[in-house]
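Participant:
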Amino acid sequence: MAKESPYPKNFFKAIHDLDLLDLVDSKNLYFASRPSADWEEITRTLNQPKIFKKPPGSRAVINRVNTLVTAFRGDDLKNKMKSGTEEQYGRIAELLTRVVAAIDNSKKQKGAKTQAEAFKRKERDYAGEAVMVEREKGRSGRRNIAADNLADVAEKEEFLREMGGDEQD
1 MAKESPYPKN FFKAIHDLDL LDLVDSKNLY FASRPSADWE EITRTLNQPK
51 IFKKPPGSRA VINRVNTLVT AFRGDDLKNK MKSGTEEQYG RIAELLTRVV
101 AAIDNSKKQK GAKTQAEAFK RKERDYAGEA VMVEREKGRS GRRNIAADNL
151 ADVAEKEEFL REMGGDEQD
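In this note's numbering, the protein residues as written are 1 to 169.
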């Protein structure tokens with residue numbers, strides 16, 4: 001037999017989901033620079049009225065939003081809600097529509113930013129390669145000029161061998 005937890009389990013009801021989704025929608029979390037701080041603030045706000053036996057942590061709050069979003073995307077929202085009226089369900093669906101749109105827009109924006117950063121990185125790599133090629137051309141040219149100033153052929157070959165080049169550079 002499973003041992004019962006000493007901590008009561010929280011059940012989100014439709015009224016709690018409404019409050020939670022309203023907070024998430026108003027904060028615009030998915031575009032926030034510090035989303036973890038915003039989730040903490042939402043959790044504190046949700047826990048202020050002391051409606052839960054045990055105040056949920058931010059992880060539970062995030063999980064509840066994710067559960068609602070997944071259910072909404074899968075058209076299974078009514079099965080995930082424990083209680084509520086048609087009016088509450090309609091308001092929750094409206095809020096979830098906005099939250100899902102914010103999530104999708106955030107993903108698109110992050111994808112575009114990632115592509116732009118990858119493009120900049122490639123440009124820097126190509127520019128770096130071009131600089132290195134030009135430097136190497138300059139070095140090999142200086143080696144050959146220095147070698148040409150040596151009168152003895154043996155000295156010239158030894159010099160080029162030590163410098164890592166040959167007369168063809």
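Ideal placement from N, C-alpha and C gives every residue a C-beta, glycine not left out.
Here the structure is a predicted model, which is why all the values come from computation and not from measurement.
Are the CB atoms of Pro56 and Thr67 nearer to each other than 8 Å?
Facilitator: Not a contact, by the Cβ cut-off of 8 Å.
Participant: May I ask which residues mark the beginning and end of the alpha helix (DSSP H) holding Arg73?
Facilitator: 58-73
Participant: Name the residue from Gln48, Asn105, Ile92, Lys13 whose alpha carbon lies nearest to the alpha carbon of Phe72.
Facilitator: Ile92
Participant: Between Asp25 and Ala112, what straight-line distance do the alpha-carbon atoms span, to the nearest angstrom?
Facilitator: 23 Å
Participant: How big is the Cα-Cα spacing for Leu18 and Gln88?
Facilitator: 7 Å
Participant: Rounded to whole angstroms, how far is the Cβ of Val170 from the Cβ of Leu21, which I believe are closer than 8 Å?
Facilitator: Residue numbering for the chain in the displayed model covers 1 to 169; residue 170 lies beyond these limits and cannot be assessed.
Participant: Do Val69 and Ile15 have their C-beta atoms closer together than 8 Å?
Facilitator: In this structure, Val69 keeps its C-beta atom at 8 Å or more from the C-beta atom of Ile15.
Participant: Note down the Cα distance separating Thr85 from Lys27, rounded to an integer number of angstroms.
Facilitator: 25 Å
Participant: Measure the Cβ-Cβ separation of Arg64 and Phe12 and say whether it is below 8 Å.
Facilitator: Pairing Arg64 with Phe12 gives a Cβ-Cβ distance under 8 Å.
Participant: Locate the alpha helix (DSSP H) running through Lys27, then write down its first and last residues.
Facilitator: 14-27
Participant: Buried or exposed: Val61, going by 16 or more other Cβ atoms within 10 Å of its Cβ?
Facilitator: buried
Participant: Could you give the first and the last residue of the continuous alpha helix (DSSP H) run that contains Ala32?
Facilitator: Element bounds for Ala32: n/a, residue is neither H nor E.
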